[in-house]
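*Asks:* Residue numbers (the numbering used here), protein chains in the order written: chain A, 82 to 314; chain B, 82 to 314.
Cβ atoms here follow ideal geometry from the backbone N, Cα and C, with glycine treated the same way.
Since we're looking at a predicted model, the values are computed, not measured.
Structure in structure tokens, see below.
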């Protein structure tokens, strides 16, 4: 099944851009009459037939349109401190997109070793995973923001902070309600600072544990993603 | 916390090998009196003090020994077709070790694009994750084996096959019993063949789904690992 990401589709006719046209006709060797799938990133899944095919210009006619394909029954937002090795953040984005997520925010914490990230590169990783996994809803990647600016501005109904400090920390499934909008904070390699944890608690975040083993930042984030998708099955 | 993997520890005195001694004294800059942790891969967690430290020879005295540290309440064995890109298999091994797993077997299937793997390299990835996550039980990596040879020889009490073909496929949590020994088969990029699926069914494997989205091989394997750990919490 060949899938193209077409966020700007707005009628039954769609022309692939030059890069995608080349991929379609040269790499995939598809031609007039062949059928491809399109996803618009907002729940639309389209079946389309190739009407015209040249190296730089592939024109499609939509023959089937399904709305709200794979609509999710909850909203999941993970705010994660970017890992020192950016590959680790990238694979988290890829895997979370496959499993199911709605929103990512990179948060820069006191102990973050990486303070700068290139959103365009991360956006490409997400889009590629959307196409691979046929996820009709494209997760939203927010701009990186400091912990202090982020922590007071969230609209989600259930907010959690996963940290490694001492204190009572239930599992998410012990305190969560299903079908809500969730936000989970995942700290940097050296964890949040006690001051950051305090600010989070003051802003209504509940401390949680993700298990008994020491998880890397990106593993912790993916474990939280798995757990909330599982709970909302 | 500095952790060394010492599978051959058998008394209260332990001498790190040359490579680990160098790492301890030169990289970590630890010296006489400093305390480190040791894990033996069989549930033992040790606190040890440095008694003697030179570049090639670090001698330790065990001052505390905890048995059955983080003992698992089930046995989880995942048999996975090695991915074409070996990085993807490696990260699965790393992440599954962090989350919790007991046994890995690479299985070579009809549609496997990769038929050969280097076990030594994979073993290193697992050991590194064991140290990182402070998992006192070192997962066992079995030698790669063909699907046909593997499928008739398993001792686990609950066996599952995750495939993408049509047919009734419950979620694992809908049919599983807790605290058992589990075996899950995860196929290659192009899935198992219908013939392989049939052989698995004849040998008592139950077909399962891991979710509604199309998961990559390594994501599917990790999803199964997460799910069984979650169910057995």
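Output needed in chain order: residues of the stretch 208-233 of chain B with a Cβ under 8 Å from some Cβ in chain A.
*Replies:* Against chain A - using a Cβ distance shorter than 8 Å - the residues of the stretch 208-233 of chain B are 213, 214, 215 and 216.
*Asks:* Relative to the C-alpha of residue 220/B, which residue among 246/B, 148/B and 175/B is closest?
*Replies:* The sequence position of residue 220/B within the second chain is 139, counting from 1. Cα-wise, what sits closest to residue 220/B is 175/B.
*Asks:* In chain order, what residues of the stretch 175-186 of chain B put their CB closer than 7 Å to some CB of chain A?
*Replies:* Of all residues in the stretch 175-186 of chain B, 176, 179, 180 and 181 have a Cβ within less than 7 Å of some Cβ in chain A.
*Asks:* Does DSSP classify residue 228/A as helix, strand or coil?
*Replies:* Within the first chain, residue 228/A is the residue found at index 147, counting from 1. Residue 228/A falls in the helix class under three-state DSSP.
*Asks:* Is it buried or exposed, residue 244/A, if we count other Cβ atoms within 10 angstroms and call 16 or more buried?
*Replies:* Stepping through the first chain from its first residue, residue 244/A is reached at position 163. Looking at its Cβ environment, which holds 16 or more other Cβ atoms inside 10 Å, residue 244/A is buried.
*Asks:* First and last residue of the beta strand (DSSP E) that includes residue 96/B?
*Replies:* In the second chain, the residue the question calls residue 96/B occupies position 15. 94-96 is the extent of the beta strand (DSSP E) around residue 96/B.
*Asks:* For residue 310/A, does the count of other Cβ atoms within 10 angstroms reach 16, so buried, or fall short, so exposed?
*Replies:* Stepping through the first chain from its first residue, residue 310/A is reached at position 229. Buried is the call here.
*Asks:* Have a look at the DSSP bridge pairing and note the partners of residue 167/A.
*Replies:* For this step, residue 167/A is matched to residue 86 along the first chain. DSSP lists no partner for residue 167/A.
*Asks:* With 8 Å as the C-beta to C-beta threshold (strictly closer), list the residues of the stretch 272-295 of chain A near chain B in chain order.
*Replies:* Listed by position along the chain: 292, 293, 294 and 295.
*Asks:* Can you tell me which of the three DSSP states residue 244/B falls into?
*Replies:* Locating residue 244/B in the second chain gives position 163, counting from the first residue. Here residue 244/B sits in coil by DSSP.
*Asks:* Check whether the stretch 136-145 of chain A touches the stretch 160-176 of chain A, taking contact to mean three or more Cβ pairs, one atom from each stretch, closer than 8 Å.
*Replies:* No, because fewer than three Cβ pairs between the stretch 136-145 of chain A and the stretch 160-176 of chain A fall closer than 8 Å, the two stretches do not touch.
*Asks:* Taking a contact to mean a Cβ-Cβ separation below 8 Å, would you say residue 182/B touches residue 300/A in this structure?
*Replies:* Within the second chain, numbered from 1, the residue matching residue 182/B stands at position 101. Within the first chain, numbered from 1, the residue matching residue 300/A stands at position 219. Taking 8 Å as the Cβ cut-off, residue 182/B and residue 300/A do not qualify as a contacting pair.
*Asks:* 8 Å is my cut-off, CB to CB: does residue 304/A come that close to chain B?
*Replies:* Working through the first chain from its first residue, we reach residue 304/A at position 223. Yes, residue 304/A counts as interfacial toward chain B.
*Asks:* Provide the residue span of the beta strand (DSSP E) that contains residue 189/A, from first to last.
*Replies:* For the purposes of this step, residue 189/A is taken as the residue at position 108 of the first chain. Its beta strand (DSSP E) spans residues 184-189.
*Asks:* Closer than 7 Å, Cβ to Cβ, to anything on chain A: give me those residues from the stretch 258-269 of chain B, in chain order.
*Replies:* Cβ contacts with chain A come from no residue of the stretch 258-269 of chain B.
*Asks:* Does any CB atom of chain A fall closer than 8 Å to the CB of residue 192/B?
*Replies:* Within the second chain, residue 192/B is the residue found at index 111, counting from 1. It does not; no Cβ of chain A falls within 8 Å.
*Asks:* Under 8 Å, Cβ to Cβ, is there at least one residue of chain B near residue 307/A?
*Replies:* Sequence index remark: in the first chain, residue 307/A carries index 226 (1-based). Yes - at least one Cβ of chain B is within 8 Å of the one on residue 307/A.
*Asks:* Using the rule of at least 16 other Cβ atoms within 10 Å of the residue's Cβ for burial, across every protein chain shown, is residue 89/A buried or exposed?
*Replies:* Against the first chain, residue 89/A aligns to sequence position 8. Exposed, since its Cβ has fewer than 16 Cβ neighbours within 10 Å.
*Asks:* At which residues does the alpha helix (DSSP H) containing residue 305/A begin and terminate?
*Replies:* In the first chain, counting from the first residue as 1, residue 305/A sits at position 224. First-last of the alpha helix (DSSP H) with residue 305/A: 298-312.
*Asks:* Give the residues of chain B in contact with residue 173/A, contact being defined as C-beta atoms less than 8 Å apart.
*Replies:* As a first step, residue 173/A must be located in the first chain, where it is residue number 92. Neighbours of residue 173/A on chain B: none; closest Cβ ~10 Å, over 8 Å.
*Asks:* Could you work out which residue in 231/B, 247/B, 108/B and 121/B is closest to residue 265/B when comparing CA atoms only?
*Replies:* The count along the second chain starts at 1 and reaches residue 265/B at position 184. That would be 231/B, whose Cα lies nearest to the Cα of residue 265/B.
*Asks:* Using a cut-off of 8 Å between C-beta atoms, extract the partners of residue 86/B located in chain A.
*Replies:* The sequence position of residue 86/B within the second chain is 5, counting from 1. Residues of chain A passing the Cβ test: none, with the nearest at roughly 14 Å.
*Asks:* Excluding the 5 residues flanking residue 250/B on each side, which residues of the same chain have their C-beta closer than 6 Å to its C-beta?
*Replies:* Translated into the one-based positions of the second chain, residue 250/B becomes position 169. Around residue 250/B: 288, 289 and 290.
*Asks:* Name, going along the chain, the residues of the stretch 133-154 of chain A whose beta-carbon falls closer than 7 Å to a beta-carbon of chain B.
*Replies:* The stretch 133-154 of chain A vs chain B, Cβ under 7 Å: 151.
*Asks:* Compute the Euclidean distance between the alpha carbons of residue 313/B and residue 292/A, then round it to the nearest angstrom.
*Replies:* Taking the first residue of the second chain as position 1, residue 313/B is located at position 232. Taking the first residue of the first chain as position 1, residue 292/A is located at position 211. Cα-Cα distance, rounded: 12 Å.
*Asks:* Mind checking whether residue 92/A and residue 139/A have CB atoms under 8 Å apart?
*Replies:* Counting from one through the first chain, the residue named residue 92/A turns up at place 11. Counting from one through the first chain, the residue named residue 139/A turns up at place 58. Going by C-beta atoms, residue 92/A is not nearer than 8 Å to residue 139/A.
*Asks:* Give me the DSSP bridge partner(s) of residue 265/B.
*Replies:* Walking along the second chain from the start, residue 265/B turns up at place 184. Beta-bridge pairing links residue 265/B to 159/B and 241/B.
*Asks:* Would you decide whether residue 152/A is buried or exposed? Buried here means 16 or more other CB atoms lie within 10 Å of its CB.
*Replies:* Numbered from its first residue, the first chain carries residue 152/A at position 71. That one is exposed.
*Asks:* For residue 300/B, return the contacting residues in chain C, with the cut-off set at a CB-CB distance below 9 Å.
*Replies:* In summary, chain C is missing from the structure at hand, where the protein chains are A and B.
*Asks:* For residue 314/B, return the contacting residues in chain A, with the cut-off set at a CB-CB distance below 9 Å.
*Replies:* Start at 1 with the first residue of the second chain, and residue 314/B comes out as number 233. Neighbours of residue 314/B on chain A, chain order: 252, 254 and 292.
*Asks:* For residue 194/A versus residue 222/A, is the C-beta spacing smaller than 8 Å?
*Replies:* What you label residue 194/A is simply residue 113 of the first chain in a count that begins at 1. What you label residue 222/A is simply residue 141 of the first chain in a count that begins at 1. No, the Cβ-Cβ distance between residue 194/A and residue 222/A is not below 8 Å.
*Asks:* Skipping 5 residues on each side, what residues in its chain have a beta carbon closer than 7 Å to that of residue 238/B?
*Replies:* Taking the second chain and counting its residues from 1, the one referred to as residue 238/B is at position 157. Excluding positions up to five away in sequence, the list reads 261 and 262.
*Asks:* Please specify which runs of the beta strand (DSSP E), each continuous and at least 3 residues long, are wholly inside the stretch 91-145 of chain A, giving them in chain order.
*Replies:* Segments of the beta strand (DSSP E) lying fully in the stretch 91-145 of chain A: 94-96, 116-120 and 126-135.
*Asks:* For residue 226/A, which option in 296/A, 307/A, 163/A and 126/A has the closest C-alpha, if you only look at C-alpha atoms?
*Replies:* As a position in the first chain, residue 226/A is number 145, starting the count at 1. For the residues 296/A, 307/A, 163/A and 126/A, the minimum Cα distance to residue 226/A belongs to 163/A.
*Asks:* Measure from the C-beta of residue 372/A to each C-beta in chain B and report whether the shortest distance is under 8 Å.
*Replies:* Residue 372/A lies beyond the range of chain A shown here (82 to 314); nothing can be said about it.
*Asks:* State the DSSP-derived secondary structure class of residue 205/A, mapped to helix, strand or coil.
*Replies:* The residue labelled residue 205/A in the question sits at position 124 within the first chain. It is helical.
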